[in-house]
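One structure is given here, and the rest of the page talks about it.
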Amino acid sequence: MSEHKHEHGEDCGCGQDHEHEEHVFIVENDEGEEREMVMVYTFESEEKVYAVLLDRQDPEQDGVIFRIEEEDDEAFLVGIDDDEEWNRVTAIYEEIARTENEGQ
Numbered sequence: 001m002s003e004h005k006h007e008h009g010e011d012c013g014c015g016q017d018h019e020h021e022e023h024v025f026i027v028e029n030d031e032g033e034e035r036e037m038v039m040v041y042t043f044e045s046e047e048k049v050y051a052v053l054l055d056r057q058d059p060e061q062d063g064v065i066f067r068i069e070e071e072d073d074e075a076f077l078v079g080i081d082d083d084e085e086w087n088r089v090t091a092i093y094e095e096i097a098r099t100e101n102e103g104q
């Protein structure tokens, strides 16, 4: 997947203190189709921040995880290509999701 950017806002996972309601991104999948995705969760691992996005039209579909990188007061969503990093962050997110589901 390609790189995506957004302006900083509340809960964007960048560690800054700012306000806004919802982060919506246009994400292009491997087939070239564009989908509106909403950032629903952020978490940290090994001093990096990750975002979980859900399809705005189909929130029941599995989420997508991106790494958040910053440059010049802008945050960019970057696809995770490294298998080791991908396995680590998906395991962390699955544990977070399992823990949250148990609490409901």
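Going by the UniProt record's numbering, the letters in the sequence shown line up with residues 1 to 104, in that order. Beta carbons are placed, not taken as given, at the ideal position from N, Cα and C, and that holds for glycine.
The beta-carbon distance between Val49 and Ile65, rounded to whole angstroms, is 11 Å. This is too long to meet the 8 Å contact definition. Shown here for Gln57: same chain residues with a beta carbon closer than 8 Å to its own, the five before and five after excluded, namely Arg35, Glu36 in chain order. For the 8 Å CB-CB criterion, Tyr93 and Phe25 do not form a contact.
Residues Leu54, Asp55 of the same chain have their beta carbon placed closer than 8 Å to that of Gln61, with the five preceding and five following residues left out of the count. In this structure, the beta-carbon distance from Arg98 to Ile80 does not fall below 8 Å. Here the alpha carbon of Glu95 sits roughly 31 Å from the alpha carbon of Gly32.
Taking C-alpha positions only, Glu28 is separated from Gly103 by approximately 34 Å. A straight line joining the alpha-carbon of Glu71 with that of Tyr41 spans about 21 Å. With fewer than 16 neighbouring CB atoms inside 10 Å of its own CB, Ala91 falls in the exposed class. It is roughly 15 Å from the alpha-carbon of Glu47 to the alpha-carbon of Val78.
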